[in-house]
Structure formats: structure tokens, C-alpha cells
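Reading through the C-alpha cells given below for one structure.
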Amino acid sequence: MYRPSAPGTCARGPLAAAGAADRGGVAAGGRWLSLALNAALFGACYPATNYLGQLEQQQGGLGGVAMAWEASLPFMPWMVVPYMTSGLLFALSFLLVRGRGELSALSRRVAFATLVACLLFAAFPLRFELVRPPVDAALPAWLFAQLSLVDRPYNQLPSLHVAYCVIFWPALRTVARAPCQRAALAGWLLLVAVSTVFTYQHHVLDVAGGALLGVLAIRLLPTPRAGAESRKPVGLVYAMLAALSLLAWLALGGPWWLYLCASLLLVARAYHTRSAGFLRKRHGSYPLWIWLLYVPYLAGYLLTWQLVRLRERHRPPFADHGGGLWVGRRLSNAEAARLPADCVVIDLANELSETPALRRHIYHHFPLLDLETPTLQSARHIVEAIAIHAGQGRPIYMHCAMGYRRSREIAQLYQEHSQQ
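Residue numbers for the sequence shown, in our numbering: 2 to 421.
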């Protein structure tokens, strides 16, 4: 039976190497990639919901959430200056945030706020109800003119400006070390949030909704603790794709968008609950009802596998790991014929059916979620199965979907176990 040599052995091994350095330095490429992805998400969703609001306004008119007393609030043109710095704060938060865990939390929170807000914009379109007075001062007039090129008075409740300010605070406060720096940062973020009202961009209820959304993002998506197991936000990514599908349905109509949304939400739930066997794969294949529920997910992986085969057609599909263990990706029938006739097949791929030629071998399926670190219990069971068959002198072929991660990591663990 496989036993770690000491508590935490797995955490020091290849399966959890990322988790051990969760608070370590972040490469510049990672910062820029997170910034680019979130900027692209905003750039895709925010103008789309503004356009939907404009269509609603043209068809029947939109209401707002202005309270009667808001008409007495002054219009302050100069506050467009802090208002327009929101984009700069957006970029600086990603470029200055400390640690990998903090960057991951920031990225997930911003994406969560963007998608939730845009879903609300699309489902409950509103417009700003007050009339903005003319602006005479040169700089504010120019800034308002630039703002009018990219914004419309429709994306109202909740205010994304305010939600972002709430999210930026925990990301940037550790960068501002001195108390005076933190006070200046807090003051400026507050000024940006307040400017949404005094520039006649948002109503007070929009601001309250934005603050609530920011707090929810922080509470629901906490920063990983130092030394805690690192989990990639795969489930959150699928949930965001589901939200984008819902946005597409609101914008374009059609039942397929709703089906795609529901299917992706099921995948997101499986990742959130770590239900590695959610596809009910038995003897290398799926029941019909699984195909009906998860066609987008399964078809996406099948297409990816075909592209990997095409790209790596000049490379061997599997490698000898020593001790009678071969490791690689899912094989075609022709590739499977190159394996020993009596080899045992250990299938780690949850998202691809097994090659028919390999189902005739001694076959074991240990489902592991792609892009997730296997649990210690799952890794132990697989290593034990390899050890049993290796002890009987049988050759073994272990594979995941593409042969890049899961099969190699388990093979490394088995090698460490054998050396012990």
C-alpha cells in the first residue's frame, strides 16, 4: 500500500508544487495575461449590454432608479477627472498586486463582478434619468467628450465603477505600506466611487448595488491562505462561460444558448464539488444521457485531442517510463496496436471515451478532473493499482487525455513510491 514518507509529502511532490509557492513572486507575463483577459471580458460584455439597453430604449423606453431628492445633488464637472482614472486603477491593480494568490483572487473577483453586472444590465436594463448640464471648462468638457465615445447611459445598476473600487482596495492596500499611502489610496478610491454620482453617471442606488457586488466578490472568492492547497479556478471559468452564454441568449435569443449555459453550469458544479466521476464513464464509454447533457464539453475535448494528434503527429504518442510503465495520451486504434498485447490500461481521462482497441485489455478507469490537482486519496489508489500490476510482471499503459499533466504526475509519484 502506498504511504507518504511523512505528512505533506504529496504537497512537496509534483502534484502540488504550485500550491507551496502560492504567495511567491508573479511573473510579469502572468500579470499582463490576467489584465488582458479581464480587459477583453469587459470589452466584450459591457458595450454589448449598453447596445441592448439602447435597443430597449428605442423600442419602448427605459426607466431608472433615481430618487426624488437626487435632483438636488450638484453636478460637479471636475469630478470626471477621478472618474476617468478607473481604467488606470484597473491596470495598476493587476500590475502591482503582491503574490500569486492575490493576483488570482483579483482576477476572479473582477471577472465575477463584470459578468454578474452585465447579466443584470441585460436582464434589467435601466437608464440614467437626470439631464447633465453643459460643461464649459476645457479639460472636463474634453474628458466628457471622450467618455461619450465609449459609454452610454444604460449600464446602471450595479455600478461597475464602484464594484471595481471595492475590489481594488484589498489588492492595492498591501502595496501602499505607509499609513499615509493607504489613506491616500482609500481616499482616491472613495473619490472615484463618489464621482459616479456627481458626474451624473449613476444614481445612488446604483452605487449601493456596486458596493454590494464588490463585497460579494471578495466574500465569495477569498484570497488563498499561505501554504493552502492551490486550486485553479477551472469551475469559475466554466461558470463564466455559462454566464456569457446566458448573455448571448439575452442578446440573440435561441434555445441553444440556454442549453449551452445549462451544460456549462453542470460542468462548473462538478469542478466546484470535485466530482471527478460526474460523466459516469463505464468500461471506457458514456451512457447516452451523459452525451445529451454534456455535448459541448465532450465535443470540445474531442476536437482538442484531434488537434493535439495533428500537431504532434511526428512524435511518439507515449513514452517508456521504466519498470514496464508506459505513459502518454489517449491513443487511436492504430497507435494502440503498438502496445504489448497483454498490457494493462489505466485510464485517467474523464472527458474522453476510451479507444475501442484498449477496452479489450485489462482496463481500469480512475477519473481525474483535468487541470485540477488530484486528491491524495485518488493518487494513492492509482499508485497502488500500478504497483499491483507491476508486481505481477504486467506491462502497463497509463494515459490521460492529452498526455501533458495527469499521467506524468502520477507516474512521477509512482516512481517516488518505488524508490521508497
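Each residue gets a CB set at the ideal place from its N, CA and C atoms; glycine is no exception.
As the structure is a prediction and not an experimental result, all values here were calculated from the model.
Closest Cα partner of residue i within the set the options
i	options	result
Pro78	Trp292, Ala45, Leu326 and Val195	Val195
Ala37	Val82, Ser108 and Ser246	Ser108
Ser419	Ala244, Gly323, Leu311 and Leu248	Gly323
Gly100	Leu414, Ala29 and Ser87	Ala29
Leu340	Thr374, His400 and Gln59	His400
Leu353	Ala338, Ser333 and Ile363	Ser333
Thr374	Leu280, Tyr272 and Tyr84	Tyr272
Phe169	Ser87, Gly64 and Pro225	Ser87
Glu336	Ala358, Ala350, Val346 and Asn351	Ala358
Val66	Asn39, His362, Trp33 and Leu158	Leu158
Ser35	Arg110, Phe199 and Val82	Arg110
Glu313	Trp292, Leu248 and Tyr405	Tyr405
Gly102	Pro135, Thr224, Leu289 and Ile383	Thr224
Trp33	Leu63, Leu96 and Val82	Leu96
Met85	Thr50, Leu186, Gln147 and Arg310	Gln147
Leu414	Ser149, Ala388, Gln393 and Val167	Ala388
Cys46	Tyr287, Leu63, Ala386 and Leu247	Leu247
Residue i in three-state terms, based on DSSP
i	result
Val98	coil
Pro235	Here the sequence assigns Val to residue 235, which means Pro is not the residue at that position. If DSSP states are grouped into helix, strand and coil, Val235 belongs with the helices.
Leu414	helix
Gly323	strand
Phe199	helix
Asp371	coil
Ala335	helix
Met399	strand
Ala350	strand
His456	Residue 456 lies beyond the range of the chain shown here (2 to 421); nothing can be said about it.
Val345	strand
Ala386	helix
Ala67	coil
Gly44	helix
Gly25	At Gly25, the pLDDT of 47 sits below 50, so the modelled position is not reliable and the matter cannot be decided from this model.
Met241	helix
Glu355	coil
Phe76	coil
Leu340	coil
Tyr405	coil
Trp59	For clarity, residue 59 is Gln in the given sequence; the question names Trp instead. Note: Gln59 maps to helix in three-state DSSP.
Leu222	coil
Gly394	coil
Ser246	helix
Thr274	helix
Gln421	coil
Phe279	coil
Beta-carbon spacing of residue i, residue j below 9 Å
i	j	result
Trp327	Ile397	yes
Leu370	Val238	no
Asp348	Gly285	yes
Leu251	Ala124	yes
Ala218	Ala269	no
Leu161	Ala118	yes
Arg330	Ser408	yes
Gly325	Ala277	no
Ala402	Ala350	yes
Below-9 Å beta-carbon distance, residue i vs any chain E residue
i	result
Glu352	Of the protein chains in the structure, only one exists, and it is not chain E.
I'd like the ranges of any alpha helix (DSSP H) spanning at least 4 consecutive residues and lying wholly in the region 120-190.
139-151 and 161-173
Three or more beta-carbon pairs under 8 Å between the region 123-139 and the region 150-160, yes or no?
yes
The region 292-305 in contact with the region 250-264 per 3-pair CB rule at 8 Å
yes
Counting only runs of 3+ residues fully inside the region 281-332, write out the beta strand (DSSP E) ranges in chain order.
319-323 and 326-329
Should the region 109-119 be regarded as contacting the region 207-222, the criterion being three or more beta carbon pairs within less than 8 Å?
yes
Under 8 Å, with one C-beta from each stretch per pair, do the region 67-77 and the region 129-149 reach the 3-pair mark?
yes
Below 8 Å, can you find three or more Cβ-Cβ pairs linking the region 140-147 to the region 167-187?
no
Stretch-stretch touch, CB-based, cutoff 8 Å, three pairs: the region 363-377 with the region 313-323:
no
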